[in-house]
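Under the numbering used here, think of the first position of the sequence shown as 718, with each following residue one higher.
Accompanying notes for the structure given below.
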Amino acid sequence: MGNDQKSKSSLKSRLHFFLALILFLHCAFYLVYWFSIGNLREDVDLFIADITGFLLPYTSILIGLTAIIGIWSLCRLVRLGLAGKNADWKPAFSNWMYFGVGLFFLVLFYTSFFLILRENPSQKGVINLLLNLTRLGTDPVLFLIAAVGLRRVILYFRSRAVHADKRWPWSLGIGVVLVLLVGLWLLPTLAPPNWAYQGDLPAKPALIAHRGASMLAPENTIAAAELAAKYEAFGFETDIRISLDGVPFLMHDSTLLRTTNISEVFPDRSKDDASSFTMDELKSLNAGLWFIQKDPYNTIDNGLVSQAQLSINQGQKIPTLSQALEWVAEENLVFLFDLRYPPEDHPYHDQLFEIVFDQLKESGLNGNIWFLIDRQNIDRLLAEAPQMTRVIGVSSTDLPDPQDLLDLDYEIVNVDTGILKKDIQAYRKLGLGVNVYTIDQPWLFSQFWLSGVTSVTTNNIHTLSQLDRPFLNVPYSRYLLFWGLFGIIVAIWLASSQPQIEDDPQAPIKMETPNLLDFAMAEDKKLEKMESKQVVADPDVSSAAGSEIDDNIGMDSTAPKDQEDD
């Protein structure tokens, strides 16, 4: 194979190596994401099922395919990495197949995240924090890759400077590369990851039980609320609807199909709006059996729910607002709620706010009422119940200005997980509290803890209440120490690298004139050595040869006398 062909083959091998590296990193992040988002996978499966008409474990299939591509990429990385510069790239079918599969996966990767963020913008914050968490490994790896590449540039400049008439341009180039390398090293220190906190560790966020301890008991029931109090919840979050006869009750869904036995008691009305039933009809339903039958969080199957708790769950009913307020007052918990308005033709559609507001004022909970109220009604709340805590619900895609909220006398911002750390800090700087919903994963809770939120809404109260410190928390000073040591090691490695200096083809060839005298003396020495070796090897021959020489000399010496006699 010619030099040109070898060069092209080596270039193609390197391109395939980097393709395998890119695909492996994408696969690794994709797998981490799907295993980190919890029950969102079920929502994605249902979303795809609505489009295709078939309910399948789509995300599980996607995870399996991603794992296969990731393992394939890792194998190619190892093979191409071991081959190094001697890798001989051949246009085999497997190479083209891998290229096609890799291209398809990258399109799938970015398309899926585009759709996820479009349908659920709150995932923006989750993805951001997940990327932040992976910086524990990606920052050193990416810096090392950059250092290896820049090292090649430095060695090239140094080798060229050896033969150059003017070395300062090459030295200047080396200086620029070194400045770039130092800048890349400084970048993580100027924008540290979220887990490298500065100053004191933030206080642990208060835990608001989302519809109660809804992983261990049926949501929006007294059993779930009591269990939340057992795990030292700071507050109880719920949803309020109004019955056909004007009684507020706790229910999230617009229908009763998912969380009650409505299909057995009122089969002809199972899909009717929950507000179309009287309170007596609602009280006739069972609101606990569904949890035992479906085990929505697999907590029963995993042994997290005791038999005693299962017995309590089994007989739960739909509670009224007055029952919930009475219980909250006894436990001295915060009460956070969403108003779920009935259809416009409902007799109490326009009176829901008034009825609920009156009951809240009569409860005497005062500041323990976290009232989610819009800007149109906040003046009324300030006038009639200034002791209640004023909360505004916002979307992470349209965050209001912190100063505007402060001017309107809001105290807490209730926002989804799409909010970023800089926005959290902007609200906290002006004294506004930040409550983030809904967080069930310990790693995600830890990251928002380090971001400085004041409270979170969670279904996983029994797990998050046990955390004393966030996962992966490192003081900024210690992070600088570790990162500095890593930079020193890389710097020593670069300083010890020496260029492979090649002969300059343009340099004149030096011709030396041979010394004839030295050549003759060297030949005489060779002859003397050969003669001495012969003498040592056969002394008889040498003595005979010596006597013969002496006889010849004697004959030669008498020859003139004979000639004279003649």
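Just so it is clear, CB atoms sit at the ideal spot from N, CA and C, and this is done for glycine as well.
Check, Outcome
"Same chain, Cβ closer than 6 Å to M1105, neighbours up to 5 away in sequence not counted", "I1086 and F1088"
"Exposed unless 16 or more other CB atoms sit within 10 angstroms - verdict on V899", "exposed"
"Reference L999, options D1018, R975 and K1034, closest by Cα", "K1034"
"Straight-line gap, L1021 to L933 (C-alpha atoms, nearest Å)", "7 Å"
"Stretch-stretch touch, CB-based, cutoff 8 Å, three pairs: the stretch 1056-1072 with the stretch 972-988", "no"
"Rounded C-alpha distance that separates E981 from N1094", "41 Å"
"Sheet register partners of F1165 (DSSP bridge)", "F1165 pairs with nothing; no bridge assigned."
"Identity of the residue in R1195, N1176 and R1145 nearest P919 by Cα", "R1145"
"Local Cβ density within 10 Å of S1028, reported as buried at 16 or more and exposed below that", "exposed"
"Cβ-Cβ separation, S992 to I959 (assumed contact under 8 Å), whole Å", "6 Å"
"For S888 and Y747, the rounded distance between their alpha carbons", "43 Å"
"Burial state of I1178, where buried means 16 or more other Cβ atoms lie within 10 Å", "buried"
"Chain-order list of residues whose beta-carbon lies under 8 Å from that of D1018 (same chain, five-residue window excluded)", "D1012"
"A930 classed as buried or exposed, judged by whether at least 16 other C-beta atoms fall within 10 angstroms", "buried"
"Ordered list of alpha helix (DSSP H) runs contained in the stretch 1102-1156, each at least 4 residues", "1119-1124 and 1138-1146"
"DSSP-derived helix/strand/coil call for I754", "coil"
"CA-to-CA distance, A1041 to T828, given in whole angstroms", "44 Å"
"Minimum C-alpha distance to G890 - residue among L907, H880, P909 and V870", "V870"
"Top-ranked residue by Cα proximity to G1169, from L1181, K729 and I1136", "I1136"
"Cβ neighbour criterion (16 or more within 10 Å) applied to D1124", "exposed"
"Minimum C-alpha distance to P1060 - residue among D985, F994, Y914 and K729", "F994"
"Rounded separation between I1129 and V818 - CA only", "48 Å"
"Residue(s) in a DSSP beta bridge with I768", "Answer is none; I768 lacks a bridge partner."
"Pair within 8 Å by beta-carbon distance, V1108 and P1117", "no"
"Backbone secondary structure at S1259 - three-state DSSP", "At S1259 the pLDDT is 48, less than 50, meaning the model places this residue with poor confidence; the figure from the coordinates comes in the next sentence. The answer is helix: DSSP assigns S1259 an H, G or I state."
"C792 classed as buried or exposed, judged by whether at least 16 other C-beta atoms fall within 10 angstroms", "exposed"
"Whole runs of the beta strand (DSSP E) within the stretch 868-904, excluding any shorter than 3 residues", "none"
"Closest Cα partner of L1056 within the set D1062, F1074 and V1045", "F1074"
"Runs of beta strand (DSSP E) lying entirely within the stretch 1002-1087, each at least 3 residues, in chain order", "1051-1056"
"I925 versus N911, L944 and K1138, residue with shortest Cα-Cα distance", "L944"
"Contact under 8 Å by Cβ, L757 with A766", "no"
"Reduced DSSP category for K1227 - H, G, I as helix; E, B as strand; rest coil", "In this predicted model, K1227 has a pLDDT of only 47, less than 50, meaning its place in the structure is not dependable; the value taken from the coordinates is given anyway. Residue state, collapsed to three classes: coil."
"Span separating the alpha-carbon of L732 from that of I768", "38 Å"
"Pick from I785, R796 and S790 that is closest to A737, judged by C-alpha positions", "S790"
"DSSP three-state assignment for Y914, whether helix, strand or coil", "strand"
"Range covered by the beta strand (DSSP E) that runs through E936", "Run containing E936: none; DSSP gives neither H nor E here."
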